[in-house]
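Data first, discussion second: the structure below is written as structure tokens.
Numbering (the UniProt record's numbering), first residue to last: 1 to 311.
Structure follows, in structure tokens:
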């Protein structure tokens, strides 16, 4: 489909636990930039596959240029979203990420593999697939370490272990629950502090610092949490370069990514992860930058480029 004003099928998050009003803000941004936005619920969508794709909403065929959903979801909802997103991508529609990129962004262990390949610094980690092998690898780590489930949002599944017995218990519980946990070096001189760089269209556009004197994870779940702009920091360009390199390691055409960085006196700058659906509101508020507009412009640019390429 080719249209002067892109038609975007926007799926509202079925589990808006972490993001609140993000759906409404993204929709408003896209409409402000003259996109036609069809707002839908996940439960209203379906498709038929034959020689071509037929996309349906409440049983009626729909036409659109791009499909977008924003924010973390419960596992079954995310799986359903991925089925529809994969079909839209396969049919030539623009999506936030390609399915292969989204698969990597969803999994911290896969991210670390790509970081290693791209020579991006990050805290060393280990993946084991049995208790026996986990115990054997424990000797390679300090007693105090980070235990992290490879799939998790907003710090869920991330624990600070104080000794190797505790690390083993955490690993065993994850294994019992059918989840994959990894052990990771603990960067002890940056507890409760992390740098968040927002990268849009491969370019870093803002940098903030997350601060928390209560929770070591610095992700906003204590009364002490605060965010400060680092746009005037002497290290801004250094943060920007590392964040752009990090996103490049995953996908040269990454639409958006929230890159979390630890600024350690001992280890230098090390990357924790890329957030595939970064919270934009906090960064926009403290920096004063029009980050929603920048994101909307980039997504619409991708739609128009994809439509031109398909002619």
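A virtual CB, placed ideally from N, CA and C, is assigned to each residue, including glycine.
Residue 165 counts as exposed, since fewer than 16 other beta carbons sit within 10 angstroms of its beta carbon.
In the DSSP assignment, the residues bridged to residue 193 are 211. Across the structure, residue 34 and residue 26 are spaced so that their CA atoms are roughly 13 Å apart. DSSP places residue 297 inside the alpha helix (DSSP H), whose first and last residues are 291–309.
The beta-carbon separation of residue 42 and residue 81, rounded to 6 Å, stays under the 8 Å limit for a contact. When secondary structure is reduced to three states using DSSP, residue 21 falls in the coil class, being assigned neither helix nor strand. Around the CB of residue 247, 16 or more other CB atoms lie within 10 Å, so the residue is classed as buried. Around the beta carbon of residue 277, 16 or more other beta carbons sit within 10 angstroms, so the residue counts as buried.
For residue 80, the enclosing alpha helix (DSSP H) starts and ends at 75–90.
Distance from the CA atom of residue 115 to the CA atom of residue 207, rounded to whole angstroms, is 20 Å. Distances from the CA of residue 156 to each of 69, 137, 63 and 74 were compared; the closest alpha carbon is that of 74.
Going by DSSP, residue 184 is part of the beta strand (DSSP E) stretching over 181–185. Taking residue 238 as reference, the option from 256, 146, 268 and 181 with the minimal CA-CA separation is 268. Of the candidates 194, 134, 90 and 146, 90 places its Cα closest to the Cα of residue 306. In this structure, residue 129 lies away from residue 183, with their beta-carbon atoms at least 7 Å apart. For residue 67, the enclosing beta strand (DSSP E) covers residues 66–69.
Residue 246 carries a helical assignment under DSSP once its states are collapsed to helix, strand and coil.
In terms of Cα proximity to residue 198, the closest of 28, 59, 93 and 290 is 290. If you draw a straight line from the Cα of residue 104 to the Cα of residue 72, it comes to about 14 Å.
Between residue 70 and residue 15, the beta carbon gap of about 12 Å keeps them out of contact (Cβ cut-off 8 Å).
Annotation: residue 53 is outside any alpha helix (DSSP H); the continuous beta strand (DSSP E) that includes it extends over 53–57. For the alpha helix (DSSP H) assignment, the uninterrupted runs of no fewer than 4 residues enclosed by the stretch 255–292 are, from N- to C-terminal side, 281–287. Excluding its 5 nearest sequence neighbours in each direction, residue 233 has C-beta neighbours in its own chain below 8 Å: 207 and 239, listed in chain order. The three-state reading of DSSP puts residue 151 in coil, since its state is none of H, G, I, E or B.
A check of alpha carbon separations from residue 50 across 308, 162 and 87 identifies 87 as the nearest.
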